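Engineer:
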């Protein structure tokens, strides 16, 4: 059975701090790893990492994939209160089925 | 706005009842996924349909069923409802070219 473990489960930081969120996985026929941000509504897509794209960056957010060690990290630099959310990691195997981790709840205090 | 629509937004019902949740995928997407999200379990995959056919099944109870219609909209039927079925139910869709799933706003189900 596919498995995704995220750590930490929750994190409280101050504005301006840099945070690193972790995601480790076990999946059959790995195809992709995706990061989503969930505020009070539905998850919204951040990044997708595959064998051909193991590093992605968008503004203050960046992510890398280590296919050998089976993990990914999501970095957020110069955090803002608007970054407060649950960050979900999901791994895609066969049939594009995604297995989600339980998420990391990030709280950024002013 | 992801382009995925779900109705209703909220649903309050009693134990033992049956409800139907509806989802319309983004234009052009053939796959529809259903998820259940509760505080203690996180986002749990229930079932996937691709172009009208069931493609993958997750932790879906026998009391739950789903289908995808020729116009690609999907319905999730929940029957003999129990208190523990109270949760947020998301629908997501994806195109054949990408595993990225776009989520609808969800239906919050409360079983009293």
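Chains as they are written, first to last, in the numbering used here: chain A, 14 to 123; chain B, 272 to 383. Glycine included, each C-beta is placed from N, C-alpha and C at the ideal position. Quick caveat, the model's predicted, so the values are computed rather than measured.
1) Could you name each continuous beta strand (DSSP E) segment of 3 residues or more that falls completely within the stretch 23-82 of chain A, going from the start of the chain to the end?
2) Identify each residue in the stretch 35-62 of chain A for which the Cβ-Cβ distance to at least one residue of chain B is less than 9 Å, and report them in chain order.
3) Would you kindly report the start and end of the unbroken beta strand (DSSP E) that includes residue 333(B)?
4) Residues in its own chain within less than 6 Å of residue 74(A) by CB, not counting five upstream and five downstream?
5) Please give me, in chain order, every unbroken run of the beta strand (DSSP E) with length at least 3 that falls completely inside the stretch 84-115 of chain A.
6) For residue 335(B), tell me which candidate among 274(B), 289(B), 382(B) has the shortest Cα-Cα distance.
7) Please check if any C-beta of chain B sits within less than 8 Å of the C-beta of residue 84(A).
8) Using the three-state DSSP reduction, which class does residue 301(B) fall into: helix, strand or coil?
9) In three-state DSSP terms, what is residue 375(B)?
10) Less than 8 Å between CB atoms is the rule here; does residue 322(B) satisfy it with respect to chain A?
11) So what does DSSP say about residue 274(B), is it helix, strand or coil?
12) Short of 6 Å in beta carbon distance, which residues of its chain neighbour residue 112(A), apart from the five on each side in sequence? Order them along the chain.
13) Under 9 Å Cβ-Cβ, which residues of chain A neighbour residue 310(B)?
14) Give a yes or no on whether the C-beta atoms belonging to residue 286(B) and residue 353(B) are separated by under 8 Å.
15) When you compare only the Cα positions, how much space is there between residue 298(B) and residue 120(A)?
16) Would you report the Cα separation of residue 366(B) and residue 355(B), rounded to the nearest angstrom?
17) Applying a beta-carbon distance threshold of less than 7 Å, which residues of chain B neighbour residue 110(A)?
18) Excluding sequence positions up to five away, which residues of its chain have a Cβ less than 6 Å from the Cβ of residue 323(B)?
19) Using three-state DSSP, classify residue 349(B) as helix, strand or coil.
20) Suppose you measure from the CA of residue 302(B) to the CA of residue 29(A); what does that come to, to the nearest Å?
21) Counting C-beta neighbours from all protein chains within 10 Å, is the total for residue 40(A) 16 or more, i.e. buried, or is it exposed?
Structural biologist: According to the structure shown:
1) As far as the stretch 23-82 of chain A is concerned, its whole beta strand (DSSP E) runs of at least 3 residues are 23-27, 32-39, 45-51, 57-62, 68-71, 74-79.
2) Against chain B - using a Cβ distance shorter than 9 Å - the residues of the stretch 35-62 of chain A are 44, 45, 47, 49, 51, 54, 55, 56, 57, 58, 61.
3) Secondary structure note for residue 333(B): it is in no beta strand (DSSP E), with a DSSP letter that is neither H nor E.
4) Contacts found: 89.
5) Taking 3 residues as the minimum length, the beta strand (DSSP E) runs contained wholly in the stretch 84-115 of chain A are 84-89, 98-105, 111-113, in order along the chain.
6) Selected option, being the one with the closest Cα: 289(B).
7) Closer than 8 Å: no.
8) The three-state secondary structure of residue 301(B), taken from DSSP, is coil.
9) Coil.
10) Taking Cβ atoms only, chain A never reaches closer than 8 Å to residue 322(B), which makes this a no.
11) The three-state reading of DSSP puts residue 274(B) in coil, since its state is none of H, G, I, E or B.
12) Excluding sequence neighbours, residue 112(A) sits near 15, 17, 104.
13) By Cβ distance, chain A contributes nothing, its closest Cβ being about 10 Å from residue 310(B), past 9 Å.
14) Yes; because the gap between Cβ atoms is below 8 Å, this pair is in contact.
15) Near 35 Å, if we compare the C-alpha coordinates of residue 120(A) and residue 298(B).
16) When rounded, the separation of the alpha-carbon atoms in residue 366(B) and residue 355(B) is 32 Å.
17) Within 7 Å Cβ-Cβ: 316, 319, 327.
18) 339, listed in sequence order.
19) The three-state secondary structure of residue 349(B), taken from DSSP, is strand.
20) Computed Cα separation, rounded: 40 Å.
21) Label assigned to residue 40(A): buried.
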